[in-house]
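Residue numbers (full-length UniProt numbering): 1 to 225.
C-beta: ideal position from N, C-alpha, C; glycine also.
These notes concern the structure reproduced below.
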């Protein structure tokens with residue numbers, strides 16, 4: 001009598017596109033699949049060696065891995081080590097030793113050694129290296145006036161801060177206060193409902209969805225273009 005091992009479960013896809021968050025939340029399901037290749041986009045998000053996302057990716061135990069990022073080195077070489085450790089844990093297993101060798105990067109000799117170390121792992125491509133077949137980018141600037149409602153909110157903000165602006169004319173304005181006013185004016189230009197108190201003043205604090213759909217688009221000028 002011949003006993004056969006049960007065949008591994010078959011999945012009706014060859015490629016799965018997911019996010020870090022979904023992988024973390026559904027790890028019990030996704031971790032049971034024998035993946036062959038993993039391509040990690042936005043790999044600079046893995047810069048924290050103690051982060052949950054990095055731990056989950058390590059747990060998958062995938063042999064063939066690619067990491068895509070536009071900024072492999074953001075703040076320090078410790079963040080770079082986290083990505084290298086994911087790609088090749090056998091060669092990059094000791095973060096302390098890596099930091100000791102390349103952490104300060106004070107000499108050209110250190111830079112040269114790190115460059116040589118990364119050469120087998122790092123493939124750099126710029127837009128000039130790839131023929132995307134795209135038409136040249138064309139930028140069109142369109143001036144949009146603000147609505148009457150925005151103008152009223154803008155004037156109200158200036159009136160409320162008249163004293164602050166007068167002090168500014170005398171050179172005695174404080175940085176934080178002026179920055180706060182500047183931010184409120186920017187909110188007004190983006191959408192007046194972003195200004196503190198406007199939603200309440202318009203009686204929309206407890207408005208239903210239909211009312212919001214009617215009131216949101218007409219308020220700023222750029223949504224009327």
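Residue 58 - partner residues in DSSP beta bridges: For this step, residue 58 is matched to residue 58 along the chain shown. Per DSSP, none; premise fails for residue 58.
Own chain, CB closer than 8 Å to residue 184, minus 5 neighbours either side, in chain order: Start at 1 with the first residue of the chain shown, and residue 184 comes out as number 184. Within the same chain, residue 184 has close Cβ partners 157, 195 and 196.
Reduced DSSP category for residue 137 - H, G, I as helix; E, B as strand; rest coil: As a first step, residue 137 must be located in the chain shown, where it is residue number 137. Looking at residue 137 - three-state DSSP - the assignment turns out to be coil, as it is neither helix nor strand.
Residue 62 versus residue 133 - alpha carbon distance: Here residue 62 refers to the residue found at position 62 when the chain shown is read from its first residue. Here residue 133 refers to the residue found at position 133 when the chain shown is read from its first residue. Using only the alpha carbons, I get a separation of about 34 Å.
Whole-Å CB distance - residue 177 paired with residue 164, under 8 Å assumed: The count along the chain shown starts at 1 and reaches residue 177 at position 177. The count along the chain shown starts at 1 and reaches residue 164 at position 164. Yes, they are in contact, since the Cβ atoms of residue 177 and residue 164 sit about 6 Å apart, within 8 Å.
Supposed close pair residue 140, residue 221 - CB separation, criterion 8 Å: Residue numbering aside, residue 140 sits at position 140 when the chain shown is read from its first letter. Residue numbering aside, residue 221 sits at position 221 when the chain shown is read from its first letter. Not really, about 17 Å apart at Cβ, beyond 8 Å.
Distance CB(residue 82)-CB(residue 54) smaller than 8 Å: Locating residue 82 in the chain shown gives position 82, where the first residue counts as 1. Locating residue 54 in the chain shown gives position 54, where the first residue counts as 1. Cβ distance < 8 Å, so residue 82 and residue 54 count as in contact.
Selected residue, minimal CA-CA separation from residue 31, among 75, 18, 93 and 107: For the purposes of this step, residue 31 is taken as residue 31 along the chain shown, with counting starting at 1. Taking only the C-alpha atoms, the option nearest residue 31 is 18.
DSSP state of residue 63 mapped onto helix, strand, coil: The count along the chain shown starts at 1 and reaches residue 63 at position 63. In the structure shown, residue 63 sits in coil (DSSP, three-state: anything other than H, G, I, E or B).
Pair within 8 Å by beta-carbon distance, residue 78 and residue 100: Looking up residue 78 in the chain shown gives position 78. Looking up residue 100 in the chain shown gives position 100. No, they are not a contact pair.
Identity of the residues DSSP links to residue 111 by a beta bridge: Mapped onto the chain shown, residue 111 falls at position 111. Partner(s): none; residue 111 has no beta bridge.
Chain E within 8 Å of residue 57, Cβ atoms only: Included in the structure is just one protein chain, with no chain E present.
Beta-carbon contacts of residue 45 that lie in its chain and below 6 Å, excluding the five residues immediately before and after: For the purposes of this step, residue 45 is taken as the residue at position 45 of the chain shown. Once the five neighbours on either side are set aside, residue 45 has no close Cβ partner at all.
Residue 36 versus 48, 28 and 60, residue with shortest Cα-Cα distance: Within the chain shown, numbered from 1, the residue matching residue 36 stands at position 36. It is 60 whose Cα lies nearest to the Cα of residue 36.
Alpha helix (DSSP H) runs contained entirely in the region 153-195, provided each spans 4 or more residues: Counting only runs of 4 or more, we get 162-169 and 175-190.
Member of 217, 160, 16 and 89 whose CA lies at the smallest distance from the CA of residue 182: By one-based count along the chain shown, residue 182 stands at place 182. Closest by alpha carbon: 160.
C-alpha gap between residue 96 and residue 68, whole angstroms: In the chain shown, the residue the question calls residue 96 occupies position 96. In the chain shown, the residue the question calls residue 68 occupies position 68. Using only the alpha carbons, I get a separation of about 24 Å.
Beta-carbon contacts of residue 149 that lie in its chain and below 7 Å, excluding the five residues immediately before and after: Indexing the chain shown from 1 puts residue 149 at position 149. For residue 149, where only same-chain residues beyond five positions count, the Cβ hits under 7 Å are 192 and 219.
Other residues of its chain near residue 33: CB distance less than 7 Å, five sequence neighbours each side excluded: Translated into positions along the chain shown, residue 33 becomes position 33. Close CB contacts of residue 33 within its chain, under the 7 Å cut and outside five residues either way in sequence, are with 11 (chain order).
8 Å Cβ cutoff met for residue 86 and residue 65: As a first step, residue 86 is located in the chain shown; it is residue number 86 there, counting from the start. As a first step, residue 65 is located in the chain shown; it is residue number 65 there, counting from the start. Taking 8 Å as the cut-off, the Cβ atoms of residue 86 and residue 65 count as close.
Residue 40 burial status per 10 Å Cβ neighbour count (16 or more: buried): To locate residue 40, count along the chain shown from 1; it is residue 40. Residue environment: residue 40 is assigned as buried (16 or more neighbouring CB atoms within 10 Å of its CB, all protein chains considered).
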